[in-house]
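S.K.:
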Amino acid sequence: MSFDYLWTGFGVALQPQNLLYGLMGCFLGTIIGALPAIGPINGIALLLPIAFAAKLPPESTMILLAAVYYGAEYGGRIASILLNVPGDAGAVMTAVDGYPAARQGRAAEALTISALSSFVGGILAVVGLTFFAPALGLIAIKFGPAEYVALIVFAFATLASMVGHEPVKTLIGCTLGLLLTTVGLDPTSGAYRFTFDQPELHDGIEFIILVIGLFSISEVLLMLEHQFAGNLKPIPVGRGFPSWADIKACFWPTLRSSASGFVIGVLPGTGASVASAVAYTTEKRLLDRGTFGKGDLRGVAAPEAANNAAAGGAFVPMLTLGVPGSGTTAVMLGALMLYNITPGPQLFTERPEIAGGLIASMYVGNVLLLLLNIPLIGLFARMLQVPNIWLIPAIVVLSILGVYTAYSSVLSVLIMLGIGVVGWALRKLGFDLAPVVLGFVLGKVLETNLRNALAISGGDPSILLGSTISIVLWIAAAMIVVLPWWLARRRAQQRPLQEVQGAAALE
Amino acid sequence: MARSSPITNRSGRIAAAILLALACILFVAATRIDYAFSSDPLGPRAIPLILAAALGLFALRYGFSPGPAEVFPRGPLLLRSIGFVAVCFATVALLDLLGFLPAMAVLIGVTALLFGATPLQAAVVGVVQAAFWFVCFKYALGTYLPMGSIFTAG
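Chains as they are written, first to last, in our numbering: chain A, 4 to 510; chain B, 1443 to 1596.
Spelled out as structure tokens, the structure:
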């Protein structure tokens, strides 16, 4: 296995301007993660058009956006620990022990432990990414159109079974995302699809318009309803530092959670929230002697290590296969596509400055984040007090400016606002929006590969099952869909039997 | 229990009906996609047709058991939401005519007002933020921002 791409990457990541973008991304990401109003997807969606407007080269944009992503994973813990209001879904479990610890006057200790475990989780995930991505890339080189079709179906199947408790909503989200990609000119045949004679729709729906509308505007509309108290009062940070015994106690939970978080992050469709929940419940089962949920620092370390490891793991399928492992990496994949770069196995050999630059910047970024997060924690904590009357209008204007600067068209902004209202309605109905973005990002790839595969076979659909890789992926996809349903059915059948046996035993 | 109240189920069913109607419209539109030639056997119609049909089937399944949903806003809260969306659409539609600064100052001010600012605070936030973003984007990033055709015409 060659690591030439990584050395090229360090050359890119250590260039002064890219170091600056990385630092900026880490700083902004931590703030974005800390503020309950904006999550990593919103932050990236808002920054993407600005990076575009500033004409940053693709590697710099990716370094900036990736730094925002894992910066937000670090920042998410601040509001969880000090306010009991998680900055994003991945930080929910951190509040369970972090907030009680802060109330006991150990806020500084909890924040330092969480920064250290975030760092370990983040770095171990990048090490995993460094080794795992090129290895997976070697398999992916064997992928033809038929294998890509099977892979994308597999990704959707994983999503449907893992995102939320209602697979039908995930499927509807994916289908809506896929349908949106069919709008506009079909390049193969020159046909216009779903344009309804509107010239503005000839180029299709732009990615930036969709993402900003779906996430930022819908978030503002939700906040308008759920206006949380304008003046949140975070617990003061204080000046403590965890004892050596605390650090030692958190060592193994951090390592275990980093490993499980990375694996969960690699799976398409699962992300930081699943990883942190799995890590917390695992450690609770292994270690709890009645202290978890009451400010145990191991309960802070585990979910933090896991959600940062998951954030790194999500880059593996995105960079090697072009299949995002989470909603946020789906947005980053869309960002790469805006630069006409298709992620996949060739990325490591043909564009090492992007794949390597991104991975190298993650090593640098994690160190920067640790350095930023321990001494500057007081400053980040103060950001929690930014009043909504300043913060929310800024999100609205940045959303509008993001679309306007990218397309110089009022109509594009109006479409974005319309999508925002639809996104709000979907969220109110309990839909997760990540599948819509995943469907949108993967839709074109799915259609192009399906049509190419059938063109190669002269219309014979058996080509879709023509290789071992395809067959394995189709079987895996089918199992992922069928297995949970079959297990639930079995459990339901066994329950009455057990009840009858129990009743008989009582008699 | 409140989450599965009739109100929430009803909103799910209405959404399923809308999705089903959308699926039907898209299915019909997909059958009418015109093309003279396609280099692949599938052509440009097949995927949209399959997706529209799939959306219809999923919408039907969703309609039978919509699952939990949040209650949609009513009364003053609904008015606030509608007001915010209307101001967004109106100020953006007038962006080229009024120019960035006045249009966005109004939008920012109204948003601040809806989020609990006093009228004076809203005015200050509107003017300060509009000017700040204008300087950032026009001068720091060098992007085009409309100056307002009513001010620049003639």
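In this text, a Cβ means the ideal position worked out from N, Cα and C, and glycines have one as well.
Please identify, using Cβ separations under 8 Å, the residues of the region 1461-1478 of chain B that lie next to chain A, in order along the chain.
M.R.: Of all residues in the region 1461-1478 of chain B, L1461, L1468, A1471, A1472, I1475, D1476, Y1477, A1478 have a Cβ within less than 8 Å of some Cβ in chain A.
S.K.: With a Cβ-Cβ cutoff of 8 Å, do G241(A) and G442(A) count as a contact?
M.R.: no
S.K.: Look at the alpha carbon of N1451(B) and the alpha carbon of W1575(B), and state the distance between them as a whole number of angstroms.
M.R.: Inter-residue distance for N1451(B) and W1575(B) is about 43 Å (C-alpha atoms, whole angstroms).
S.K.: When burial is assigned at 16 or more other CB atoms within 10 Å of the CB, is G330(A) buried or exposed?
M.R.: buried
S.K.: Per the contact definition of three or more C-beta pairs closer than 8 Å, is the region 419-437 of chain A in contact with the region 123-143 of chain A?
M.R.: no
S.K.: Please work out which residues of its chain come closer than 7 Å, Cβ to Cβ, to L1519(B), disregarding the five sequence neighbours upstream and downstream, and give them in chain order.
M.R.: none
S.K.: Taking only the alpha-carbon atoms, compute the straight-line gap between T11(A) and I53(A) and give it to the nearest angstrom.
M.R.: Near 26 Å, if we compare the C-alpha coordinates of I53(A) and T11(A).
S.K.: Given N234(A), which residues of its chain have a CB within under 6 Å of its CB, disregarding the five upstream and five downstream residues?
M.R.: Here N234(A) scores only 47 on pLDDT, less than 50, and its place in the model should not be relied on; the value that follows carries that caveat. Once the five neighbours on either side are set aside, N234(A) has no close Cβ partner at all.
S.K.: List the residues that DSSP assigns as beta-bridge partners of R196(A).
M.R.: DSSP lists G187(A) as partners of R196(A).
S.K.: Using a C-beta cutoff of 8 Å, does R1(A) count as contacting chain B?
M.R.: Nothing about residue 1(A) can be reported from this structure: the residues present for chain A run from 4 to 510 only.
S.K.: From V485(A) to L67(A), what distance separates their C-alpha atoms?
M.R.: One C-alpha to the other measures close to 40 Å.
S.K.: Less than 7 Å between C-beta atoms, sequence neighbours within five positions excluded: which residues of the same chain meet that for Y1581(B)?
M.R.: So no residue of the chain qualifies.
S.K.: Report all residues from its chain with a CB closer than 7 Å to the CB of I144(A); omit the five preceding and five following residues, and keep chain order.
M.R.: P348
S.K.: Consult DSSP for A275(A) and reduce its assignment to one of helix, strand or coil.
M.R.: helix
S.K.: Is it a yes or a no for the region 214-223 of chain A touching the region 77-85 of chain A, going by three-plus beta-carbon pairs under 8 Å?
M.R.: Between the region 214-223 of chain A and the region 77-85 of chain A, the count of Cβ pairs shorter than 8 Å is below three; the stretches do not touch.
S.K.: Indicate the three-state DSSP secondary structure (helix, strand or coil) for N369(A) in the structure shown.
M.R.: helix
S.K.: Find out if the Cβ-Cβ distance for the pair V526(A), T1553(B) is shorter than 8 Å.
M.R.: Any answer about residue 526(A) is impossible in this case: the structure gives chain A only from 4 up to 510.
S.K.: Please compile the residues from chain A whose C-beta is within a distance smaller than 8 Å of the C-beta of R1503(B).
M.R.: V171
S.K.: In chain order, what residues of the region 106-139 of chain A put their CB closer than 8 Å to some CB of chain B?
M.R.: none
S.K.: How would you list, in chain order, the residues of chain A whose beta-carbon sits under 9 Å from the beta-carbon of Y1581(B)?
M.R.: Residues of chain A with a Cβ closer than 9 Å to the Cβ of Y1581(B) do not exist; the shortest Cβ-Cβ separation is about 13 Å.
S.K.: Output the boundary residues of the alpha helix (DSSP H) element that contains D249(A).
M.R.: 247-269
S.K.: Using C-beta distances below 6 Å, list every residue in its chain close to L1497(B), excluding the 5 sequence neighbours before and after it, in chain order.
M.R.: Closer than 6 Å at Cβ, skipping near neighbours: A1465.
S.K.: Indicate whether at least one CB of chain A lies closer than 8 Å to the CB of G1590(B).
M.R.: no
S.K.: Counting only the same chain and skipping the five closest in sequence on each side, list residues whose C-beta sits under 6 Å from that of S63(A).
M.R.: N21, Y24
S.K.: So the candidates are L417(A), F146(A), A280(A), L300(A); which of them puts its Cα closest to the Cα of W247(A)?
M.R.: L300(A)
S.K.: Where does P89(A) land, buried or exposed, given buried means 16+ other C-beta within 10 angstroms?
M.R.: buried
S.K.: Give the DSSP-derived three-state secondary structure of T471(A) in the structure shown.
M.R.: DSSP places T471(A) in the helix class (H, G or I) of the three-state scheme.
S.K.: Give the list of continuous alpha helix (DSSP H) stretches no shorter than 4 residues that lie fully inside the region 1496-1562 of chain B.
M.R.: 1517-1535, 1537-1540, 1542-1556
S.K.: Do the CB positions of L31(A) and I362(A) come within less than 8 Å of each other?
M.R.: no
S.K.: Give me the Cβ distance between A305(A) and P256(A), rounded to the nearest whole Å; I'm assuming they're in contact under 8 Å.
M.R.: Sure, about 5 Å apart at Cβ, within 8 Å.
S.K.: Give the straight-line distance between the Cα atoms of S1481(B) and D206(A), rounded to the nearest whole angstrom.
M.R.: Approximately 21 Å, taken between the alpha carbons.
S.K.: Among the residues of its own chain, which have a CB less than 6 Å from the CB of F231(A), if the five just before and after it don't count?
M.R.: Confidence in F231(A) is poor, its pLDDT being 48 and thus under 50, which makes the residue's placement unreliable; the coordinate value appears in the next sentence. Answer for F231(A): no residue qualifies.
S.K.: Which same chain residues end up closer than 8 Å to L1556(B) when comparing Cβ atoms and leaving out the 5 residues on each side of it in sequence?
M.R.: R1522, G1525, F1526
S.K.: Say whether chain B places a C-beta atom closer than 8 Å to the C-beta of F231(A).
M.R.: Its pLDDT being 48, under 50, F231(A) is placed unreliably in this model, and the value from its coordinates should be taken loosely. By this cut-off, F231(A) is not an interface position.
S.K.: By the DSSP assignment, the alpha helix (DSSP H) with G124(A) in it spans what residues?
M.R.: 110-143
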